Amino acid sequence: MKLNKKRKGFTLVELIVVVVILGILMGLGAVRYADTRKSANTSVLQTNYKTCISVINLEMAKKQGVLPSKDDGMKAIRAAGIVDGQPVGSKYVYDGKKLTVTTTSPNEYSSPLPTLEYDFTN
141 MKLNKKRKGF TLVELIVVVV ILGILMGLGA VRYADTRKSA NTSVLQTNYK
191 TCISVINLEM AKKQGVLPSK DDGMKAIRAA GIVDGQPVGS KYVYDGKKLT
241 VTTTSPNEYS SPLPTLEYDF TN
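Here is the structure:
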């Protein structure tokens, strides 16, 4: 009697090689994703910062060159759609003379974005 068994499928070594290759590709993708995300958050932060400056300058123009109060300035910034936490961990503060935008790190694996300040009295 002749046993005619043809084996189908992959060997253990082939499966391990595929898993290792997939792991390397996923690792590279995760690094690239993190870099892209930080770049996007930095762009959003800078855009929001410039928008805040424009909003305060517009409020100042409405008052013939007088800076808006802290409350009026923050109200105008919020009306423009700028809210704390956009991007993640950001805080927008206008004290009546200076705009400060700070960020905190969303987790221990990423660094905060730079602090941005603009003095309207200069």
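In the numbering used here, the protein residues as written are 141 to 262. Think of the CB as a built atom: it goes at the ideal place given N, C-alpha and C, for glycine as much as any other residue. This structure is a prediction, so every number in the text was calculated from the model and none was measured.
Is any non-hydrogen atom of the ligand ZN found closer than 7 Å to the C-beta of leucine 162, if you look at the structure I gave you? Because no ligand of any kind appears in the structure shown, any question about the ligand ZN cannot be addressed here.
Evaluate threonine 243 with the Cβ neighbour count: other Cβ atoms within 10 Å of its Cβ, from every protein chain shown; 16 or more gives buried, anything less gives exposed. Here residue 243 corresponds to residue number 103 of the sequence shown, with the count starting at 1. With 16 or more other Cβ atoms within 10 Å, it is buried.
When you compare the CB positions of threonine 255 and lysine 237, do they come within less than 8 Å of one another, or not? Here the question's residue 255 lines up with position 115 in the sequence shown. Here the question's residue 237 lines up with position 97 in the sequence shown. Contact check for threonine 255 against lysine 237 fails: the beta carbons are separated by 8 Å or more.
The region 151-166 touching the region 188-197, judged by at least three CB pairs closer than 8 Å: no
Mind checking who valine 241 pairs with in its DSSP beta bridge? As a working mapping, residue 241 is identified with position 101 in the sequence shown. DSSP output for valine 241 lists Tyr232 and Leu256 as bridge partner(s).
Cβ neighbours of methionine 200 in the same chain (closer than 6 Å, five flanking residues each side left out): On the sequence shown, residue 200 is found 60 positions in, with the first residue counted as 1. Taken in chain order, the residues that qualify are Leu207.
Output needed for tyrosine 258: all residues of its chain with C-beta closer than 6 Å, excluding positions within five of it in sequence on either side, in chain order. What you label residue 258 is simply residue 118 of the sequence shown in a count that begins at 1. So the list reads Ile193 and Leu239, once near-sequence residues are dropped.
Determine the burial state of valine 171: buried for a count of at least 16 other Cβ atoms within 10 Å of its Cβ, exposed for fewer. In the sequence shown, residue 171 corresponds to position 31, counting from 1. Burial call: exposed.
Taking a contact to mean a Cβ-Cβ separation below 8 Å, would you say glycine 229 touches proline 252 in this structure? By 1-based counting over the sequence shown, the position of residue 229 is 89. By 1-based counting over the sequence shown, the position of residue 252 is 112. Result yes, Cβ atoms of glycine 229 and proline 252 sit closer than 8 Å.
Could you tell me the distance, in whole angstroms, from the CA atom of alanine 219 to the CA atom of asparagine 188? For the purposes of this step, residue 219 is taken as residue 79 along the sequence shown, with counting starting at 1. For the purposes of this step, residue 188 is taken as residue 48 along the sequence shown, with counting starting at 1. Taking the straight line joining both Cα atoms gives about 13 Å.
From which residue to which residue does the alpha helix (DSSP H) around isoleucine 222 run? Numbered from 1 along the sequence shown, position 82 holds the residue referred to as residue 222. Note, isoleucine 222: premise wrong, no alpha helix (DSSP H); not H, not E.
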